[in-house]
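**Q**
Number of protein chains: 2
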Amino acid sequence: MCREGLLVVVSGPSGAGKGTVLNLLKDSGDDSIRFSVSATTRAPRKGEVDGLNYFFKTKDEFKLMIENDELFEWVEYCDNFYGTPKKYIESTIKDGYDCLLEIEVEGAANVMKAYPQCVSVFILPPSFEELRRRIEKRGTEDVDVVNKRLDRAKKEIAYASNYDYVIVNDSVEDAVESLRSIINAEKLKFKRNIGILKQFE
Amino acid sequence: MCREGLLVVVSGPSGAGKGTVLNLLKDSGDDSIRFSVSATTRAPRKGEVDGLNYFFKTKDEFKLMIENDELFEWVEYCDNFYGTPKKYIESTIKDGYDCLLEIEVEGAANVMKAYPQCVSVFILPPSFEELRRRIEKRGTEDVDVVNKRLDRAKKEIAYASNYDYVIVNDSVEDAVESLRSIINAEKLKFKRNIGILKQFE
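From first to last, the protein sequence lines are chains A and B. The C-terminal residue of the first sequence carries number 201 in UniProt numbering, and the numbering is unbroken. The C-terminal residue of the second sequence carries number 201 in UniProt numbering, and the numbering is unbroken.
(1) Going by beta-carbon coordinates alone, are I135(B) and V146(B) separated by less than 7 Å?
(2) Considering only residues of the same chain and omitting the five flanking positions on each side of A39(B), which have a CB-CB separation below 6 Å?
(3) Assuming K18(A) contacts I89(A) under a Cβ cut-off of 8 Å, what Cβ separation, rounded to an integer in Å, is found between them?
(4) Can you confirm whether K86(A), when its beta carbon is compared against all beta carbons of chain B, has any partner nearer than 7 Å?
(5) Assuming V8(B) is part of the beta strand (DSSP E), what are its boundary residues?
(6) Using 8 Å as the Cβ pair cut-off and three pairs as the minimum, do the segment 15-35 of chain B and the segment 38-52 of chain A touch?
(7) Taking the alpha carbon of R132(A) as the point to measure from, which residue in S14(A), G5(A) and V10(A) has its own alpha carbon closest?
(8) I'd like to know if K198(B) contacts chain A, where contact means its C-beta is closer than 7 Å to some C-beta of that chain.
(9) Of all the residues that make up the segment 150-164 of chain B, which are near chain A by a beta-carbon distance shorter than 9 Å?
(10) Report the partner residues of G83(B) according to the DSSP bridge assignment.
(11) Taking only three categories from DSSP, how would you classify L101(A)?
(12) Among the residues of its own chain, which have a CB less than 8 Å from the CB of I93(A), if the five just before and after it don't count?
(13) Check the Cβ-Cβ distances between L24(A) and every residue of chain B, and say whether any is below 7 Å.
(14) Does the separation of the CB atoms of V168(B) and P116(B) fall below 7 Å?
(15) Answer with yes or no whether the minimum CB distance from I182(B) to chain A is below 7 Å.
(16) Confirm, please, whether the CB-CB distance from A153(A) to S181(B) is below 7 Å.
(17) Between F200(B), I183(B), E201(B) and F190(B), which has its C-alpha nearest G96(B)'s C-alpha?
(18) At the 7 Å Cβ level, is S11(A) part of the contact set with chain B, yes or no?
(19) Are the C-beta of S178(A) and some C-beta of chain B separated by less than 7 Å?
(20) Less than 7 Å separating the beta-carbons of A16(B) and L197(A)?
(21) Are the C-beta of I167(A) and some C-beta of chain E separated by less than 7 Å?
(22) Put R34(B) into one of helix, strand or coil per three-state DSSP.
(23) Quick check on D50(B): does DSSP put it in helix, strand or coil?
(24) By Cβ distance below 6 Å, which residues in the same chain neighbour M65(A) in space, the five residues on each side in sequence not counted?
(25) If you check the beta carbons only, do Y163(A) and F190(B) fall under 7 Å apart?
(26) Within the same chain, show all residues whose beta-carbon is closer than 7 Å to that of D170(B), passing over the 5 residues directly before and after it, in chain order.
(27) Buried or exposed: where does Y77(A) fall if 16 or more other Cβ atoms within 10 Å of its Cβ makes it buried?
(28) Below 7 Å between beta carbons: does that hold for A108(A) and V176(A)?
(29) Only counting the same chain, and skipping five residues up and downstream in sequence, which positions put a Cβ closer than 8 Å to that of K59(A)?
(30) With distances taken between CB atoms, is the gap from Y165(B) to L101(A) smaller than 7 Å?
(31) Figure out for me which residue from K137(A), I157(A), I103(A) and K63(A) has the closest Cα to the Cα of I194(B).
(32) Leaving aside the five residues before and after I103(A) along the sequence, list all residues of the same chain whose C-beta is less than 7 Å from its C-beta, in chain order.
(33) If we call anything under 7 Å between Cβ atoms a contact, is V121(A) one with T20(A)?
(34) Measure from the C-beta of K63(B) to each C-beta in chain A and report whether the shortest distance is under 7 Å.
(35) Measuring straight from C-alpha to C-alpha, what distance separates E106(B) and F200(B)?
(36) Expressed to the nearest angstrom, what Euclidean distance is found between the alpha-carbon atoms of residue 205(A) and E61(A)?
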């Protein structure tokens, strides 16, 4: 069957529990899955390892990556650059591993355009009330701050219609299983296995 | 999530082990899955139950079903009619059950045309050699008969490109798991869950 890995783009608003889902998948020891590593110009924090947490770059190196079209997408944020290097993803896929890329909605739109054969998954919170509860639990009680975050989440959720799949994160375990089903099923798509009929001709 | 069930069309040449895969799925006690029941004018065999194995019809009743457009597809074979009633499938799906329809390639093509939102799966034998072995094992040693069946299988396999998914039946258990993944993933497709974003607007 399908020998090349998949690029799986995963987005979702803060409060959807996307990080928890991906961490559980990461810790499940599935050797066929790799996680995309971003490039950044910000300084490494304590314990962060180059090539594992980020590819740490100088601003000149990063600008050269932009010029050489080595990034699927990039943004400037708080005077630092962040981007998604093509090379890591492409070689991971070529080696037959599935590559998961957690990315915000606008970056995701750029990746989907650059790599249309990717699979895109949007993770939703179970309900608007639960989203509010989760955002409120994140340390601030300032109503204005909570409302701003909710507004932002709503705007992000509106992008869900651009994605192939949508997972409601009601239970983290179920959400991980859903993600696995999507990856398994996508690999069985006829369009990813065209060569398979050759031997029966 | 997606409340309506799926119509899952399953085909594959004889020797692909399609029946074994579907029987294992049937016996696994998954209550969310139903199997389509065909209509036929042939007499019930011992132990066959109307509405369970087949809907048994007189020729007049069958012809009336054709006239009233109550069949997705039908064929005449050995002076008897066989067909796929729409009503059973449609009510099963509406009640939220997934409906599996095992059907040969030409009937499947008609169903896909009549019900484009269906999911189609083609089951392949692991290799051409294994297909030959399985066909040879089916009771006849007549080389001509074996070759005719192989030819027919090849012709059927050429239709695989019309299907959404292709499963290589190397291990029956894996094939059942693949079928489950496909059903789970299809239910997570955004296009089947458009209403889900309403509460976040």
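We treat Cβ as the ideally placed atom computed from N, Cα and C, and that holds for glycine. Please read all numbers here as calculations on a predicted model, not as lab measurements.
**A** Well, looking at it:
(1) Contact: yes.
(2) F55, K57, G83 and P85
(3) Incorrect: roughly 19 Å between the Cβ atoms, too far for contact.
(4) For K86(A), the answer is no, since every Cβ of chain B falls outside 7 Å of its Cβ.
(5) L7 to S11
(6) no
(7) S14(A)
(8) no
(9) A153, K154, I157, A158, A160, S161, N162, Y163 and D164
(10) A39(B) and W74(B)
(11) Looking at L101(A) - three-state DSSP - the assignment turns out to be strand.
(12) E4, G5, L6, L7 and C99
(13) no
(14) no
(15) yes
(16) no
(17) When only C-alpha atoms are compared, the closest one is I183(B).
(18) no
(19) yes
(20) No; because the gap between Cβ atoms is not below 7 Å, this pair is not in contact.
(21) Protein chains A and B are contained in the structure displayed, whereas chain E is not.
(22) It is a strand residue.
(23) strand
(24) L71
(25) yes
(26) P126
(27) exposed
(28) no
(29) T41 and F81
(30) With a cutoff of 7 Å on beta-carbon distance, Y165(B) and L101(A) are scored as not near each other.
(31) I157(A)
(32) V9, S11, T84 and V111
(33) no
(34) no
(35) 44 Å
(36) For chain A, the structure presents residues 1 to 201; residue 205(A) sits outside this window and is missing.
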